[in-house]
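**Student:** Okay, handing you the structure first.
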Amino acid sequence: MEYRSSCYRNGMIALVIVGVLLAITGILLTYIAHQPFSVLTFGLSIGELMCLSALGVILYWSIATLGLRYRVDRNGIRIWWGGSQWTIPMDHIQAITPVKRLDDAELRARCRHRTWLGGWTQCKPFRDGRVVVWRSNLALEDSLAILTATHVYIISPEQPEDFIHSWRERQFLGATQNWREEEKRAPWLSSPIWSDRIVWGLMGGTLATSLALFGTMALAYPGLPERLALHFDVLGQPDRVGQRSEILHLPVAALAMLVLDLGLGFAIYRRDRVAAYLIWAGGILLQMLTWSALYVLVTQ
Numbered sequence: 076m077e078y079r080s081s082c083y084r085n086g087m088i089a090l091v092i093v094g095v096l097l098a099i100t101g102i103l104l105t106y107i108a109h110q111p112f113s114v115l116t117f118g119l120s121i122g123e124l125m126c127l128s129a130l131g132v133i134l135y136w137s138i139a140t141l142g143l144r145y146r147v148d149r150n151g152i153r154i155w156w157g158g159s160q161w162t163i164p165m166d167h168i169q170a171i172t173p174v175k176r177l178d179d180a181e182l183r184a185r186c187r188h189r190t191w192l193g194g195w196t197q198c199k200p201f202r203d204g205r206v207v208v209w210r211s212n213l214a215l216e217d218s219l220a221i222l223t224a225t226h227v228y229i230i231s232p233e234q235p236e237d238f239i240h241s242w243r244e245r246q247f248l249g250a251t252q253n254w255r256e257e258e259k260r261a262p263w264l265s266s267p268i269w270s271d272r273i274v275w276g277l278m279g280g281t282l283a284t285s286l287a288l289f290g291t292m293a294l295a296y297p298g299l300p301e302r303l304a305l306h307f308d309v310l311g312q313p314d315r316v317g318q319r320s321e322i323l324h325l326p327v328a329a330l331a332m333l334v335l336d337l338g339l340g341f342a343i344y345r346r347d348r349v350a351a352y353l354i355w356a357g358g359i360l361l362q363m364l365t366w367s368a369l370y371v372l373v374t375q
């Protein structure tokens, strides 16, 4: 039998925040599009990227929170939150009880003020080693607790008494499948890329070189003449002169190449990590070469 969460407050609050971030993003984008390139627009562009990043995170959180659900059958209990699914075998469950009936001061001390975080909250392990898994949209005292030897699951199903009754009805029916008490994640969440320090080092290098490239351009651009040399012959003499705005084509092209570079690296990461590392390292080198070319153009 399947149960939805009894409260959607966290998800609705998250959707309101998503709407606010969308409005801020639109305002910033409109303003940046009508301003000349400068340190101000560079800073606002960074703010735009931060808003988009926060938007993606909060949107996922809101969808996961609104989609929180639980299923009870003779094999055990399943809990879905976003790309995560917990399976709890029936024979592992020691008890299911409202938290307010639990005489557990340690649980209350470790998990107070965690309601608004929904499925992302983490509490410190108990002294006996048990881990708290929070999959509730309600306050701790209004939630149910599923107790096993290794975990305490905090949940918020609609009709909690009916949920407990469903568990008791199926408790001794016997399992038809062999479950393990574990968290199963969607492929994109379980990818080793999230724990690969080399990847994050390369991503950090890519971000740093890209910001350095556009930051340097933002500092130099307002002081450039309206027309400047864009190409030099073998003797070092300018053989092409163009508008100042044309110099922006170089970092924009480098950024487009960087996006393709990152996409290609992610596409082949699972099959060949070393090749992905080399592609991403090449992206950093491309940004550095572009920075060198811009330096030559703006200092001649």
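Going by this note's numbering, 116 is the number at position 41 of the sequence shown; the sequence numbering is gapless. For each residue, glycine too, the CB sits at the ideal point set by N, CA and C.
(1) In the DSSP assignment, the alpha helix (DSSP H) including Leu-219 goes from what residue to what residue?
(2) Find out if the Cβ-Cβ distance for the pair Thr-100, Leu-130 is shorter than 8 Å.
(3) Ile-359: buried (16+ other C-beta within 10 angstroms of its C-beta) or exposed?
(4) Following the continuous beta strand (DSSP E) through His-109, name the residue where it begins and the one where it ends.
(5) Can you tell me where the alpha helix (DSSP H) with Glu-258 in it begins and where it stops?
(6) Please identify the residue among Gln-234, Arg-202, Asp-203, Arg-183 whose C-alpha is closest to the C-alpha of Trp-209.
(7) Who are Pro-232's beta bridge partners in DSSP?
(8) If you pair each beta-carbon of the region 145-164 with each one of the region 236-246, do three or more pairs fall below 8 Å?
(9) When you compare each of Gly-340, Ala-170, Ser-81 to Asp-217 by their alpha carbons, which one comes out closest?
(10) Take the Cβ of Ile-121 as the centre, count every other Cβ of all protein chains shown within 10 Å, and call the residue buried at 16 or more, exposed below.
(11) Decide yes or no for the touch test of the region 153-173 against the region 221-234: beta carbon pairs closer than 8 Å, at least 3 of them.
(12) For a quick check, are the C-beta atoms of Thr-172 and Ala-139 less than 8 Å apart?
(13) Which partner residues does Gly-226 have in the DSSP bridge list?
(14) So, at 6 Å on beta carbons, what are the nonlocal neighbours of Tyr-296 in its own chain, with the 5 sequence-adjacent residues on each side left out?
(15) Less than 6 Å between C-beta atoms, sequence neighbours within five positions excluded: which residues of the same chain meet that for Trp-155?
(16) Since Leu-361 and Leu-333 should fall inside the 8 Å C-beta cutoff, what is the C-beta to C-beta distance between them, to a whole number of angstroms?
(17) Within this structure, are the beta carbons of Leu-96 and Ile-133 separated by less than 8 Å?
(18) Distance check for Ser-270 and Met-165, CA to CA, integer angstroms please.
**Tutor:** A quick look at the data gives this:
(1) By 1-based counting over the sequence shown, the position of residue 219 is 144. Note, Leu-219: premise wrong, no alpha helix (DSSP H); beta strand (DSSP E) at 219-222.
(2) Here the question's residue 100 lines up with position 25 in the sequence shown. Here the question's residue 130 lines up with position 55 in the sequence shown. Annotated as proximal: Thr-100 and Leu-130, with beta-carbon spacing under 8 Å.
(3) Counting from one through the sequence shown, the residue named residue 359 turns up at place 284. With 16 or more Cβ atoms within 10 Å of its Cβ, Ile-359 is classed as buried.
(4) As a first step, residue 109 must be located in the sequence shown, where it is residue number 34. Segment: none, His-109 is in no beta strand (DSSP E) and carries neither H nor E.
(5) The sequence position of residue 258 within the sequence shown is 183, counting from 1. Per DSSP, Glu-258 is not a residue of any alpha helix (DSSP H); the beta strand (DSSP E) it occupies stretches across 257-260.
(6) Stepping through the sequence shown from its first residue, residue 209 is reached at position 134. The shortest Cα separation from Trp-209 among Gln-234, Arg-202, Asp-203, Arg-183 belongs to Arg-183.
(7) Residue numbering aside, residue 232 sits at position 157 when the sequence shown is read from its first letter. Residue pairing of Pro-232 in beta bridges, as defined by DSSP: Ser-80.
(8) They touch, by the three-pair rule.
(9) As a first step, residue 217 is located in the sequence shown; it is residue number 142 there, counting from the start. Among Gly-340, Ala-170, Ser-81, the Cα nearest to that of Asp-217 is on Ser-81.
(10) Against the sequence shown, residue 121 aligns to sequence position 46. Ile-121 sits exposed, since fewer than 16 C-beta atoms from the chains shown fall within 10 Å of its C-beta.
(11) Cβ pair count under 8 Å is three or more, so yes.
(12) Along the sequence shown, one-based indexing puts residue 172 at 97. Along the sequence shown, one-based indexing puts residue 139 at 64. No, these two residues do not count as a Cβ contact at 8 Å.
(13) Sequence index remark: in the sequence shown, residue 226 carries index 151 (1-based). Before going on, a small fix: residue 226 reads as His here, not Gly. According to DSSP, His-226 bridges with Val-206.
(14) Along the sequence shown, one-based indexing puts residue 296 at 221. Closer than 6 Å at the Cβ level, and outside the excluded window around Tyr-296, lie Phe-112.
(15) Counted from its first residue, the sequence shown places residue 155 at position 80. The answer, listed in chain order, is Arg-144.
(16) Residue numbering aside, residue 361 sits at position 286 when the sequence shown is read from its first letter. Residue numbering aside, residue 333 sits at position 258 when the sequence shown is read from its first letter. The pair is a contact, with the Cβ atoms about 7 Å apart (cut-off 8 Å).
(17) Residue 96 sits at position 21 when you count from the first residue of the sequence shown. Residue 133 sits at position 58 when you count from the first residue of the sequence shown. Result yes, Cβ atoms of Leu-96 and Ile-133 sit closer than 8 Å.
(18) As a first step, residue 165 is located in the sequence shown; it is residue number 90 there, counting from the start. As a first step, residue 270 is located in the sequence shown; it is residue number 195 there, counting from the start. Between the alpha carbons of Met-165 and Ser-270 lies a distance of about 32 Å.
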